[in-house]
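Enquirer: Residue numbers 100 to 211, in the working numbering, belong to the letters of the sequence shown in order.
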Amino acid sequence: MTENEEFYKAKISTLTKERITIIENLRKLRESAEEYKQKRDDKNREVQMIAQQIKELKEANEETSSKMSQIKNEKEKLYEKVQETSFKIKEENSKLKPLNFNGEYLKKKNTN
């Protein structure tokens, strides 16, 4: 074997070992990439779930706010009715003639 042949065989052997190392590293990188892809997909699902929960909470909050607004309107209407009724009662009371109550007269009448 000539010196050139030995050099090239040694070079081929070295390159083959490097190729095997590179292939092993590539396999590890692909596995790592797959793990990160799985983690990303898991986080994306978690984000979607949280986004759905937020959406549901917002809808519930809007519904509650709407109900509270309706209740507030009803309360204001009832308060107005109470004020109107109080005003009418005061008007009617002012029309009544005051009674002259004489307790002494009744006592004397009952003792006789």
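Quick reminder that beta carbons are idealized off the backbone N, C-alpha and C, glycines included.
Could you check the C-alpha separation between Asn192 and Lys174 for me, to the nearest Å?
Expert: 27 Å
Enquirer: Can you name, in chain order, every residue of its own chain whose Cβ lies under 8 Å from the Cβ of Glu134, other than the five neighbours on each side?
Expert: none
Enquirer: Taking Lys127 as part of the alpha helix (DSSP H), name the residues at either end of that continuous run.
Expert: Glu102 to Lys194
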